[in-house]
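Take a look at the structure below.
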Amino acid sequence: MAIETLNDVFLHTTGIRRSAAFIHKQNGQWVEIGLDEFARTVRHFSGGLRSLGVRKDDRVAILSENRPEWTIADFAILAANAVSVPVYSTLLSWQIEYILKDSETVAVVLSDQSQLEKILEIRGNCPALREIISMNPLSGTASGVRSWSDVVKEGEALEKSEGPDAFGKLLHQRKPSDLATLVYTSGTTGNPKGAMLTHGNITSNVKSAIDPFEMIGGDVAMNILPLSHILERMVDFSYLYKGATIAYAEDVAKVAENLQEVKPHFFAGVPRLFEKMHGRVREAVSQAPPLRQKIFNWAVSVAAQRLPYRVERTKMPPFLAIKSAIADKLAFGKINQRLGGRVRFVISGGAPLSPDLAAFFIGAGIDIYEGYGLTETSPVIAVNTPDARRIGTVGKPIPGIEVKIAEDGEILTRGPHVMRGYFNDEEATRKAIDSEGWFSTGDIGFIDADGFLKITDRKKDIIVNAYGKNIAPQPLENMLKSSPYIGTPVLIGDRRQFLAALIVPNFERLERDAAGMGLKFASAEEMVQDERVRAIVGREIDAFNEKLDRQEKIRKFTLLPREFSIDENEITPSLKVKRKSIDEKYRAEIDAMYAEDPGESAR
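Numbering of the sequence shown is given in our numbering, commencing with residue 108 and proceeding in unit increments.
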C-alpha cells in the first residue's frame, strides 16, 4: 500500500502486530492499549464526531496534555476528513480564544475540568464553536459538553447503521494535497499564525526524516515534548509508521522517573531537556568524593578521544577501546541507566543544540542526532543521521527537498514539506513563500563543502551594535549555558555600544554554593542582588570573555530572581525565549546596565 496520507499511516500502523500501540500511567501503573482497541476507538470516535455534525474540512481543536486520547482524537479527526487544530494545554484562555476564533473551530476535544473552565470562559466569543468533548469524566455538567465515552457510543451506533465499510471509504477519500492540520506558530513576535499543513506535507516528512534510523516493530518510544509541538507530533507519526509502541511521559517533572520505568529505545527532546540532564550529571559529580570526581574527569577525557570514532562509526584502536570499556563501566553506564538503560538514539530539535553538549553525550555513549526545521516545514528540513553526522551542524537536508542560501545568508527551502500557507493570512503567506515555491526560514546559515547545514542564528535575532558589527546571540548564549551557574541567558546589545546579558541563574547551584560560603537569603530576589553571589557568575562570564572578540564580550549582566514563564509571556510553550517581550518587560534593568561605563570586566 502506498503511504501518501496520514490516514494511510493509520491503516499501515494498525497492520503491524506488536503487544501494544500505547503505554500510559493509570492509577500509578503502566497500562497498555492494544492495537485492536486503538483502531476501534479511532473508528468509533471518528464516527461520533460525524454524528455531532463535524463535516469535511471542519476544524476540530485538541486541548490536552499528552496522553493516548490525544493521538486517538487526532487520527479520528483526520479519518472524518476534518482538520485538527492542536492547542498547547499551558495556554491561557485569551490565547486559546485567538486560535479558536482564527481557525473557526467547530468542536474542541479537551482533557479535564481545568481545560473545560478555560473554554467555558471564552465560548461566547467563539461563534463557530458548537461542541465540547471531555476525555475525563467531569464532576458537574455544563451545557453543550459531552463525554468521550458518549461520543464513542454515538460512533458505534453510526457504524451499525452505515455498515463496516463506510469508515474505510472515508479514509481513502483524503488526498496528499488535502489539509490535515492547522498548527499555530508559537508567536515569538505578534500573534501566532496558523500554518496549513497537508497530509502530503507531514507524510513526506514521516517517511524521509526517520528512514535512516533503526526502528523495528515492538520498540518503545518515549513521548516527552507536547504533542501540540509539530516535532513531537511528526516523530510520533513516524514511530507508529515504523511499528513502535509509544509510552507517554506523565509530565515534565516525572520524565527522569518515567525513562527508568519504561526503558525506551528512543525519544525526541529539545536542547533544554538535555541541558537539564547534563546539569544533573555535573551536580552529582560535584558532590561526589574526590576519587569519584577524578574517575569521572578521566572518563570525560576518554570520551573526547573516542568521540571522532563514535561520530564516524569507525573502529577504535585497541588501547582506546580498552579505556573506553572501562570508562563506560565506571562512569558513563550510569548516564545510560538514567535514561532507562537501552536507549539507541535520541533526536534533538526545536532550538540550537550546543556542540559541547552534543559532544559530551555522544562521547559518553548516548547518540544524539540534531535536526532542524520549522512548523511551516512539517517540520524537518535537515537532520544528522547514523551514516552522516557532524557535530555543530544540523545534518544534511532530508531526501526529496531543496535547500539554498540567499545572498543575505538566509536559509531557503522548497519541496513537499513546505506548508500550503498561513490560514486567513495571504499577505504573510506571500512574504514567506515566493512565486517559485521557496520558503524563507528566517534563519541564517550556510552549507559546508560536505553538504552539512549549519545554523548561525535567527535573522530577526541578529544584534547589530552601535558600531555596525553583526553579532549572533544564540552561539554565545549556548556557550554561557555550559556554566553550572547559568540557566537561561538573554543577550542584549542591538544599537548599543556593548553586549549585556539578562541571566536566569541555576538557582539550585547558586544556593548550594552560597550556603557553603555561610550565606543565607530570605528570597531569590535578595540572593541575586548580593555582590558575593554576583561575583560567582561574574567570574564565569569573565572566563568566557577571554575566548571572545572584543565586541562579543559581555560587559554587564543582571541576575533575574525567577525562571522565565509562559504565563508571563516570556517564553513560548516550546520554551523559546520571546526576546521582544523580554526587552519590553525588563526595560528598566536593561537601561540600568547601560547607564555607566562598563569597563573590561563583567563584574
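Each residue gets a CB set at the ideal place from its N, CA and C atoms; glycine is no exception.
- When secondary structure is reduced to three states using DSSP, asparagine 613 falls in the coil class, being assigned neither helix nor strand.
- Across the set Met303, Ile578 and Leu667, the C-alpha of Ile578 shows the shortest separation from the C-alpha of arginine 657.
- Looking at the DSSP output, phenylalanine 373 sits in a beta bridge with Ala328 and Phe452.
- Cβ-Cβ separation between tyrosine 476 and isoleucine 488: approximately 14 angstroms, too far for a contact (criterion under 8 angstroms).
- The C-beta separation of alanine 189 from lysine 208 comes to about 18 angstroms, leaving the pair out of contact by the 8 angstroms criterion.
- Classified as exposed, valine 571 has fewer than 16 neighbouring CB atoms from the shown chains inside 10 Å of its CB.
- Looking from the CA of lysine 225, the closest CA among Thr212, Pro425 and Ser196 belongs to Ser196.
- Straight-line spacing of the CA atoms in glycine 507 and arginine 646 works out to 48 angstroms.
- Counting every other CB atom within 10 Å of its CB across the protein chains shown gives threonine 548 a total of 16 or more, marking it as buried.
- For the pair isoleucine 643 and phenylalanine 664, the CB atoms are not nearer than the 8 angstroms cut-off.
- Contact check for serine 171 and methionine 242: beta-carbon distance about 6 angstroms, within the 8 angstroms limit, so the pair qualifies.
- In the structure shown, proline 425 adopts helical secondary structure according to DSSP, grouped into three states.
- In the structure shown, the three-state DSSP call for arginine 389 is helix.
- In the DSSP assignment, phenylalanine 467 falls within the unbroken alpha helix (DSSP H) covering 462-470.
- When DSSP states are grouped into helix, strand and coil, isoleucine 508 belongs to the coil group.
- Judged by DSSP in its simplified three-state form, glycine 301 adopts strand.
- Put simply, of Asp564, Phe452, Ser542 and Asn404 the residue whose alpha carbon is nearest the alpha carbon of serine 461 is Asp564.
- Between the beta-carbon of proline 680 and that of proline 234 there is about 26 angstroms, and that puts the pair past the 8 angstroms contact cut.
- The region 483-497 and the region 304-312 touch, with no fewer than 3 CB-CB distances between them shorter than 8 angstroms.
- In this structure, histidine 119 sits away from tyrosine 346, with a CB-CB distance that is not shorter than 8 angstroms.
- Going by DSSP, lysine 132 is part of no alpha helix (DSSP H) but of the beta strand (DSSP E) stretching over 129-133.
- With fewer than 16 other beta carbons inside 10 angstroms of its own, leucine 245 counts as exposed.
- Under the DSSP assignment, glutamine 202 falls in the alpha helix (DSSP H) whose first and last residues are 200-210.
- The Cβ atoms of leucine 560 and lysine 503 lie closer than 8 angstroms to each other.
- Here DSSP, grouped into helix, strand and coil, assigns proline 596 to strand.
- In the DSSP secondary-structure assignment, proline 582 is not bridged to any residue.
- Taking a cut-off of 8 angstroms on C-beta distances, the region 318-332 does not touch the region 266-281, as fewer than three cross pairs fall below it.
- Annotation: phenylalanine 129 to phenylalanine 605 spans about 52 angstroms, alpha carbon to alpha carbon.
- Proximity of the region 286-305 to the region 260-276 falls short of the contact definition, fewer than three beta-carbon pairs being nearer than 8 angstroms.
- Between the region 586-595 and the region 527-544, the count of Cβ pairs shorter than 8 angstroms is below three; the stretches do not touch.
- The residue from Met586, Ala438 and Ser126 with its alpha-carbon nearest to that of leucine 142 is Ser126.
- Annotated three-state conformation of alanine 316 is helix, per DSSP.
- Secondary structure remark: continuous alpha helix (DSSP H) runs of at least 4 residues inside the region 651-692, in chain order: 686-692.
- Following the DSSP letters along the chain, one finds tyrosine 355 inside the beta strand (DSSP E) bounded by residues 352-355.
- Fewer than three beta-carbon pairs drawn from the region 347-362 and the region 423-434 are found closer than 8 angstroms, and the two stretches are therefore not classed as touching.
- For the pair of segments examined, the region 150-158 was found to touch the region 261-275: the number of CB pairs separated by less than 8 angstroms reaches three.
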